[in-house]
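Peer 1: Before we start, here is the structure in question, set down as structure tokens.
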Amino acid sequence: MARFIDLEGLRHFKEKILLVVQSMIDASDADRITAIQQYVSLYNGFMGTDLNWRDYSHCTTAEITKALDDLSNGYLGR
């Protein structure tokens, strides 16, 4: 008897989509999270604070870049 839905084909399609979505998440989010971790570590070392990078994990790449520029401009007295 023929099946109306090809379950094996759908399973293969689902696995392909999940791989693509995961690679998109890994590519975009990993760089942003790494930047946040590094910036907060730099700030903690410079200011003697104990901030947690997870508190800033919602920040965008543009916000991180601006914060780093502001810190460097303040350090240089601009």
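Read in order, the letters of the sequence shown correspond to residues 27 to 104 in the working numbering.
From the three backbone atoms N, C-alpha and C, an ideal C-beta is built for every residue, glycine too.
1) Decide if I43 is buried, meaning its Cβ has at least 16 other Cβ atoms within 10 Å, or exposed.
2) Buried or exposed for Y65, going by 16 or more other Cβ atoms inside 10 Å?
3) Which class does G103 belong to by DSSP, given the choice of helix, strand or coil?
Peer 2: On the basis of the data shown:
1) Here the question's residue 43 lines up with position 17 in the sequence shown. That one is exposed.
2) As a position in the sequence shown, residue 65 is number 39, starting the count at 1. Label assigned to Y65: buried.
3) What you label residue 103 is simply residue 77 of the sequence shown in a count that begins at 1. It is coil, neither helix nor strand.
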